[in-house]
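Everything on this sheet refers to the single structure shown next.
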DNA sequence: TGTCAATAGCGAATGTCATTCGTTCAAAAA
DNA sequence: TTTTTGAACGAATGACATTCGCTATTGACA
């Protein structure tokens, strides 16, 4: 009832935040700057979002879903299993986790500065895990579900690790070694129908 | 020359910071609180440390070295290679990365809030990498140096990933799957002298 | 078509921090 | 002793996220 929130204003705030996060990072972006860029009052931002944390997540969430969806298409368009795996790992760890536009930095800075009052919903994490498990299942139909889980978990863990390092943006701390390491660790699964390791308690 | 800095004061600040970081986390701990707890003036803290970042790192660094050293001893005391690998991965990822005292949260929050003016020195990271590579070399003498690198990089990446998630402290986001996944991925290296994967570009 | 009540929108606070300033005073060097 | 350097300190500064009190709009209802 009464005066409704404007979808335009909401989107303007998200767009402004998105652009500023890319330019300066989440921490260095102020609510005042977001409001100015969005053409509204600083205090009005709080009519649309509960907190800066909220904005950060609202910006990252659709970006991440978009990227993962694109990756699914890309992986789907490759036929050779070895190339598919390479595309998946490379795309996830290089293309998304160490994405140069800085969206991943947003995620890290958002997650690292959660306050108890911020409500973190792991739904995006679960959704992403699901997509990756599915892609891995497609690439390695011979492996067991437990093995799919193992590879999925390891990939997501690496994703988070690379994201954290990305935040440092130091030449000395390159991601390349880590990425090729994960690729190497996963490769053996391509070569067998029933891999040696059935230890997987993951599930 | 002139009045020298007091090692006592410096240590008091570090101790106070250490305790408060464990209790409330890095972000939620204020310089004022550290000073009060250390029995000195807030401004005097800046005589001993350049910034809050500096303090965070000065607290984390010796803790991490201690933990890694303990892990080396623990791994060294185990004889069976399979148990050694298990001890290493479990100790690194469970014992250190998801350490409940909150030191890892300190690391994550410190790294995630670096400002350009903060001088991050990757020396601790390099030192840790070196120790882990050495342990892996001991456990898998049959593997090539390139393979040692691969496993080291993958382990450190997982370490960072688990540390980031640890910061969320949510039941839904457990580390166990990720840890056992890494263990599973590494196990095959125990069973062969010359593993299939020689793809390792890492080095 | 007019009135009411809810609430978007806004400018000016608040409150919390890290960090800096200006001054004082202890101790090393002369 | 005297001088000089810099530790110690209380009081600013300057950034921010977030809240407050008020005004203006707009949907619902008469």
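Chains as they are written, first to last, in our numbering: chain A, 181 to 383; chain B, 181 to 383.
Beta carbons: idealized from backbone N, C-alpha and C, even for Gly.
Close Cβ partners of residue i (< 6 Å) along its chain, the five nearest in sequence each way excluded
i: residue 381(B); result: Interpretation of residue 381(B) is limited by its pLDDT of 38, a score under 50 that renders its predicted location unreliable; no figure is taken from the coordinates.
i: residue 218(A); result: 192, 193, 196
i: residue 264(A); result: 255, 258, 319
i: residue 304(B); result: 241
Short CB-CB distance (under 8 Å) between residue i and chain B
i: residue 350(A); result: yes
i: residue 337(A); result: yes
i: residue 330(A); result: yes
i: residue 365(A); result: yes
i: residue 266(A); result: no
i: residue 230(A); result: no
i: residue 334(A); result: yes
i: residue 242(A); result: no
i: residue 224(A); result: no
i: residue 325(A); result: no
Chain A contact for residue i (CB, 8 Å cutoff)
i: residue 279(B); result: no
i: residue 340(B); result: yes
i: residue 361(B); result: yes
i: residue 344(B); result: yes
i: residue 357(B); result: yes
i: residue 302(B); result: yes
i: residue 368(B); result: yes
Contact set for residue i: own chain, Cβ-Cβ below 7 Å, skip 5 residues either direction
i: residue 228(B); result: 185, 189, 190, 193
i: residue 290(A); result: 206, 233, 236, 237, 240
i: residue 201(B); result: 209, 239, 282, 286
i: residue 222(B); result: 211, 212, 215
i: residue 187(B); result: none
i: residue 267(A); result: 254, 255, 258
Residue of the options minimising C-alpha distance to residue i
i: residue 204(A); options: 253(A), 284(A), 268(A); result: 284(A)
i: residue 261(A); options: 288(A), 315(A), 293(A), 311(A); result: 315(A)
i: residue 309(B); options: 263(B), 215(B), 332(B); result: 332(B)
i: residue 311(A); options: 245(A), 201(A), 258(A); result: 245(A)
i: residue 357(A); options: 255(B), 341(B), 326(B); result: 326(B)
i: residue 346(A); options: 187(B), 271(B), 293(B); result: 293(B)
i: residue 242(A); options: 350(A), 341(A), 198(A); result: 198(A)
i: residue 348(B); options: 321(A), 288(A), 273(A); result: 288(A)
i: residue 321(A); options: 273(A), 267(A), 371(A); result: 371(A)
i: residue 300(B); options: 300(A), 279(A), 266(A), 350(A); result: 350(A)
Cβ neighbours of residue i in the same chain (closer than 8 Å, five flanking residues each side left out)
i: residue 269(A); result: 335, 359, 362, 363, 366
i: residue 275(A); result: 247, 251
i: residue 220(B); result: 189, 192, 193
i: residue 183(B); result: none
Beta-carbon proximity of residue i to residue j, cut-off 8 Å
i: residue 277(B); j: residue 343(B); result: yes
i: residue 354(A); j: residue 338(B); result: no
i: residue 231(B); j: residue 298(B); result: yes
i: residue 341(B); j: residue 271(A); result: no
i: residue 224(B); j: residue 215(B); result: yes
Practice task
May I ask you to list, following chain order, the residues of the region 244 to 263 of chain B that have a beta carbon less than 7 Å from some beta carbon of chain A?
Solution key: Hits within the stretch: zero.
Practice task
Using a Cβ-Cβ cut-off of less than 8 Å, give me the residues of the region 268 to 293 of chain A that come near chain B, in sequence order.
Solution key: Residues of the region 268 to 293 of chain A whose Cβ lies closer than 8 Å to any Cβ of chain B, in chain order: 288, 289, 291, 292, 293.
Exercise for the section: Taking only beta carbons into account, state which residues of the region 204 to 225 of chain B come closer than 7 Å to chain A, listed in chain order. Expected result: Under the 7 Å Cβ criterion, the region 204 to 225 of chain B contributes 207.
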